[in-house]
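S.K.: Structure below; questions to follow.
Residue numbers (the numbering used here): 419 to 690.
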């Protein structure tokens, strides 16, 4: 090793512009070492500010590409406890387009308990419409997972002013993963002494132990049944969209939050 270092520094002293190879007759860099390299002292590099930097303990020297000075990076590996769930993926989405339903678009299932069954495919839900901006892809990395969905929207109907008559519309919204139902909630919007009523609809769903890989979440809603509505004065139902001028698309917009908790099985290193 002493002989190698002597030859190295001698050659560098003779010609600083020449390429030097150790254990290779065809060096491909200013210094090309074909073999093991043992460093006992400091490793110092010149950073982007032309200052010498030794880095800190446990840092790695990382290339920034041709023509750029290398830089020190800290390797951060999170500490995980076995068999505990951690938040691995989370994101939120919004939509202002929503969906609208006329009286002729009611689904009116004969038996809601039979029709609205977990894991039924979306194609079996008659007259359900997907909210366009809430169909999104999320990832699962572990076979042990819990995925939570939080959906919020505004339901709006262009009812006129009504006294004591029970004039209302049933509706339902479902959360689907890979076009299979994981959660469904029903509600009712009722006419009142004020015209064009609206209400906020909140819904939380959960699905466990999805397969590893990409999955698609979507939200679909339907107008189920109307009560005491005059057929000569048809009522439009809006979910995630306005059907009268008393609210706008900002107020009526929908949102969806996705949180995936996992028992980690895949560890991706992160550098800052």
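Note that beta-carbon positions come from the ideal geometry of N, C-alpha and C, so glycine has one too.
Would you call the CB atoms of residue 557 and residue 519 closer than 8 Å?
M.R.: In the chain shown, residue 557 corresponds to position 139, counting from 1. In the chain shown, residue 519 corresponds to position 101, counting from 1. For residue 557 and residue 519, no; Cβs fall outside 8 Å.
S.K.: Which two residues bound the contiguous beta strand (DSSP E) that contains residue 724?
M.R.: Residue 724 lies beyond the residue range present for the chain, which begins at 419 and ends at 690; the question has no answer from this structure.
S.K.: Can at least three beta-carbon pairs, one atom from the region 628–637 and one from the region 585–597, be found at a separation below 8 Å?
M.R.: yes
S.K.: Under 8 Å between the Cβ atoms of residue 624 and residue 679?
M.R.: Within the chain shown, the letter at position 206 stands for residue 624. Within the chain shown, the letter at position 261 stands for residue 679. Cβ distance not < 8 Å, so residue 624 and residue 679 don't count as in contact.
S.K.: So, with DSSP's three-state summary, where would you put residue 603?
M.R.: One-based indexing of the chain shown puts residue 603 at position 185. Strand at residue 603.
S.K.: Go ahead and label residue 393 buried or exposed: buried means 16 or more other beta carbons lie within 10 angstroms of its beta carbon, across all protein chains shown.
M.R.: Past the boundaries of the shown model lies residue 393; the chain is included only from 419 to 690, so the question cannot be answered.
S.K.: So the beta strand (DSSP E) residue 641 belongs to, where does it begin and stop?
M.R.: Residue mapping note: residue 641 aligns to position 223 of the chain shown, counting from 1. 631–645 is the extent of the beta strand (DSSP E) around residue 641.
S.K.: For residue 587, which residues does DSSP report across the bridge?
M.R.: Numbered from 1 along the chain shown, position 169 holds the residue referred to as residue 587. DSSP lists 607, 644 as partners of residue 587.
S.K.: Is it true that the CB of residue 515 sits closer than 8 Å to the CB of residue 659?
M.R.: The count along the chain shown starts at 1 and reaches residue 659 at position 241. The count along the chain shown starts at 1 and reaches residue 515 at position 97. Their beta carbons are under 8 Å apart, which means residue 659 touches residue 515 by this criterion.
S.K.: What's the gap between the Cα of residue 522 and the Cα of residue 510?
M.R.: Counted from its first residue, the chain shown places residue 522 at position 104. Counted from its first residue, the chain shown places residue 510 at position 92. Their Cα atoms are separated by approximately 33 Å.
S.K.: Please work out which residues of its chain come closer than 8 Å, Cβ to Cβ, to residue 628, disregarding the five sequence neighbours upstream and downstream, and give them in chain order.
M.R.: Translated into the one-based positions of the chain shown, residue 628 becomes position 210. Cβ-Cβ distances below 8 Å link residue 628 to 558, 563, 565, 595 in the same chain, with the five nearest sequence neighbours on each side left out; the list follows chain order.
S.K.: Just reading off the beta strand (DSSP E) that residue 549 is part of, what are its end residues?
M.R.: Taking the chain shown and counting its residues from 1, one reaches residue 549 at position 131. That residue, residue 549, is in no beta strand (DSSP E); it is neither H nor E in DSSP.
S.K.: Rounded to whole angstroms, what's the CA-CA distance from residue 527 to residue 561? Just pull it up for me.
M.R.: The sequence position of residue 527 within the chain shown is 109, counting from 1. The sequence position of residue 561 within the chain shown is 143, counting from 1. Looking at the two C-alpha atoms, the distance is approximately 36 Å.
S.K.: How about residue 577 and residue 544: do their beta carbons lie closer than 8 Å?
M.R.: Position 159 of the chain shown holds residue 577. Position 126 of the chain shown holds residue 544. Going by C-beta atoms, residue 577 is not nearer than 8 Å to residue 544.
S.K.: Please state whether DSSP places residue 526 in a helix, a strand or coil.
M.R.: Within the chain shown, numbered from 1, the residue matching residue 526 stands at position 108. DSSP places residue 526 in coil when its eight states are reduced to three.
S.K.: If you measure between the beta carbons of residue 579 and residue 612, is that distance less than 8 Å?
M.R.: Position 161 of the chain shown holds residue 579. Position 194 of the chain shown holds residue 612. For residue 579 and residue 612, yes; Cβs fall inside 8 Å.
S.K.: Taking Cβ to Cβ, would you say residue 677 is nearer than 8 Å to residue 555?
M.R.: Residue 677 sits at position 259 when you count from the first residue of the chain shown. Residue 555 sits at position 137 when you count from the first residue of the chain shown. Not closer than 8 Å, so no.
S.K.: Among 599, 499, 490, which one has its Cα closest to the Cα of residue 541?
M.R.: By 1-based counting over the chain shown, the position of residue 541 is 123. Measuring from the Cα of residue 541, the nearest candidate turns out to be 599.
S.K.: Does DSSP put residue 539 in a helix, a strand or coil?
M.R.: Residue numbering aside, residue 539 sits at position 121 when the chain shown is read from its first letter. In this structure, residue 539 counts as strand in the three-state DSSP scheme.
S.K.: Which residue from 597, 490, 587, 614 puts its Cα closest to that of residue 605?
M.R.: The residue you call residue 605 lines up with position 187 of the chain shown. Among 597, 490, 587, 614, the Cα nearest to that of residue 605 is on 587.
S.K.: From the DSSP secondary-structure annotation, give me the bridge partner or partners of residue 566.
M.R.: Here residue 566 refers to the residue found at position 148 when the chain shown is read from its first residue. For residue 566, which the question treats as bridged, DSSP gives the partners 624, 677.
S.K.: So is residue 622 buried or exposed if we call it buried at 16+ other beta carbons inside 10 Å?
M.R.: Translated into the one-based positions of the chain shown, residue 622 becomes position 204. Per the 10 Å Cβ criterion, exposed.
S.K.: Tell me which residue opens and which closes the alpha helix (DSSP H) that residue 667 is part of.
M.R.: Here residue 667 corresponds to residue number 249 of the chain shown, with the count starting at 1. Per DSSP, residue 667 belongs to the alpha helix (DSSP H) from 667–670.
S.K.: Select from 671, 682, 681 the residue whose C-alpha is nearest the C-alpha of residue 552.
M.R.: One-based indexing of the chain shown puts residue 552 at position 134. The shortest C-alpha to C-alpha distance from residue 552 to any of 671, 682, 681 is the one to 671.
S.K.: Taking residue 439 as part of the beta strand (DSSP E), name the residues at either end of that continuous run.
M.R.: Reading the chain shown from its first residue, position 21 is the one you call residue 439. Unbroken beta strand (DSSP E) run through residue 439: 438–440.
S.K.: What residue does the beta strand (DSSP E) around residue 556 start on, and which one ends it?
M.R.: By 1-based counting over the chain shown, the position of residue 556 is 138. Counting along the chain, the beta strand (DSSP E) containing residue 556 begins and ends at 554–558.
S.K.: Have a look at the DSSP bridge pairing and note the partners of residue 460.
M.R.: The residue labelled residue 460 in the question sits at position 42 within the chain shown. Its beta-bridge partners do not exist; DSSP assigns none.
S.K.: By Cβ distance below 8 Å, which residues in the same chain neighbour residue 644 in space, the five residues on each side in sequence not counted?
M.R.: Looking up residue 644 in the chain shown gives position 226. Within the same chain, residue 644 has close Cβ partners 521, 524, 586, 587, 588, 653.
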